[in-house]
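Remarks on the structure that follows.
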Amino acid sequence: MTDSSDALRLILASQSPRRADMLRQLGLEPEILPADVDESLLQQERPAEHVERLARAKAGLIAEREREALVVGGDTIVVHKDAILGKPKDEGAAIDMLSDLSGSRHEVLSGIAVAGPHGIISTVSTATVRMRTYDRNTSAAYVATGEPMDKAGGYGIQGLGASLVESVDGDYYAVIGFPVASFVDLLEAIGFRYDFGVIAPKISD
Numbered sequence: 026m027t028d029s030s031d032a033l034r035l036i037l038a039s040q041s042p043r044r045a046d047m048l049r050q051l052g053l054e055p056e057i058l059p060a061d062v063d064e065s066l067l068q069q070e071r072p073a074e075h076v077e078r079l080a081r082a083k084a085g086l087i088a089e090r091e092r093e094a095l096v097v098g099g100d101t102i103v104v105h106k107d108a109i110l111g112k113p114k115d116e117g118a119a120i121d122m123l124s125d126l127s128g129s130r131h132e133v134l135s136g137i138a139v140a141g142p143h144g145i146i147s148t149v150s151t152a153t154v155r156m157r158t159y160d161r162n163t164s165a166a167y168v169a170t171g172e173p174m175d176k177a178g179g180y181g182i183q184g185l186g187a188s189l190v191e192s193v194d195g196d197y198y199a200v201i202g203f204p205v206a207s208f209v210d211l212l213e214a215i216g217f218r219y220d221f222g223v224i225a226p227k228i229s230d
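With our numbering applied, the sequence shown covers 26 to 230.
Here's what the structure looks like:
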């Protein structure tokens, strides 16, 4: 049994409600301390490099001042026709983005990093998403719900936007923005284990 007084502090260096929700679904209660980092794409930076760098930057920034905690950082992007799609800047951009995705495939990349006394470790998870074929009126109706505006690619697969998705090949949780299996793997790589609602030190064999 784990003494609650000795419970490991877990900090989410993100204001993403999806990432916080996923951690809570795992039975964890993260402190929310969003990291303010420049998310601009560097020259000649590849999409996977971009999301991993940002995940590491977010986790590392908070870990510098919260040295006894485990800090989780994440970033998610959508890549379609060799272009990175971030969050739509306004409703018109969201409608254009969704209409362009209709009937086609795109890639979703989610970087995740865990920082703490051990240093920082990170990885990237991917998925290929195929969208249903829908018309511009459907895009506009979805945008009118407000759901797409804070999401990379302009849709949320865990919400109303699920109706626009035909299939997912790869890590479904990468599309949500928090690749659970990768998170657990990172914990194990730094000497911890996820014990169904608790993060605890690994027990040596």
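Cβ coordinates follow ideal geometry from the N, Cα and C atoms, glycine included.
Top-ranked residue by Cα proximity to residue i, from the options
i	options	result
Ser135	Ala214, Ser127, Pro204 and Leu86	Pro204
Ser66	Ile57, Ala60, Val76 and Leu58	Going by the sequence as given, residue 66 is Leu instead of Ser. The shortest C-alpha separation from Leu66 is found at Val76.
Val190	Thr158, Glu213 and Val168	Thr158
Leu35	Arg44, Leu86, Val97 and Lys83	Val97
Gly184	Ser39, Arg43, Leu33 and Gly52	Arg43
Asp100	Ser229, Ala206, Arg130 and Ala199	Ala199
Lys112	Val168, Arg130 and Ile224	Val168
Gln69	Ala108, Pro55, Gln50 and Gly85	Ala108
Pro59	Ser41, Tyr219 and Thr170	Ser41
Thr1	Pro173, Gly144, Asp194 and Glu91	The first residue shown for the chain is 26 and the last is 230, placing residue 1 beyond what the model contains.
Gly171	Lys83, Arg130 and Ile120	Ile120
Ala225	Glu74, Asp175, Leu95 and Arg49	Leu95
Identity of the residues DSSP links to residue i by a beta bridge
i	result
Arg218	Ala225
Ile5	A query on residue 5 cannot be resolved here, the shown segment of the chain reaching from 26 to 230 and no further.
Ala152	Val133 and Gly195
Gly128	According to DSSP, Gly128 bridges with nothing at all.
Leu109	In the sequence on display, residue 109 carries Ile and not Leu. DSSP output for Ile109 lists Val104 as bridge partner(s).
Gly99	Ile137
Ile87	Answer is none; Ile87 lacks a bridge partner.
Ile201	Bridge partners of Ile201: none, in fact.
Val62	Answer is none; Val62 lacks a bridge partner.
Leu35	Leu95
Glu70	DSSP, once it has assigned bridges, lists no residue as partnering Glu70.
Val190	Met156
Status (buried if at least 16 other CB within 10 Å, exposed otherwise) for residue i
i	result
Asp140	One point to set straight first is that residue 140 is Ala, not Asp, in the sequence displayed. Result: buried.
Asp61	exposed
Thr27	Annotation note: pLDDT 42 at Thr27 (below 50); position unreliable, coordinate value reported separately. Classification of Thr27: exposed, given that the 10 Å Cβ count is below 16.
Ser29	Residue placement at Ser29 cannot be trusted, given a pLDDT of 44 that sits under 50; the coordinates are not used to answer.
Lys227	exposed
Gly202	buried
Ser192	exposed
Phe208	buried
Ala166	exposed
Asp196	buried
Lys106	exposed
Arg78	buried
Spatial distance of residue i from residue j (CA atoms)
i	j	result
Ala187	Asp115	21 Å
Ala214	Pro142	13 Å
Gly128	Glu89	44 Å
Arg81	Ala138	5 Å
Phe217	Ile57	21 Å
Met156	Pro72	21 Å
Gly117	Asn162	12 Å
Leu86	Val223	24 Å
Ala206	Leu126	27 Å
Asp160	Ser229	56 Å
Phe221	Leu51	7 Å
For residue j and residue i, believed in contact at Cβ under 8 Å, the rounded distance
i	j	result
Val133	Val154	6 Å
Gly179	Leu123	5 Å
Ile146	Leu211	5 Å
Tyr103	Ala177	Note that residue 103 is Val in the sequence shown here, rather than Tyr. That pair is a contact at about 5 Å.
Leu37	Pro55	4 Å
Residue i Cβ short of 6 Å to the ligand MG heavy atom set
i	result
Gly144	Ligands are entirely absent from the displayed structure, and the ligand MG is therefore not among its contents.
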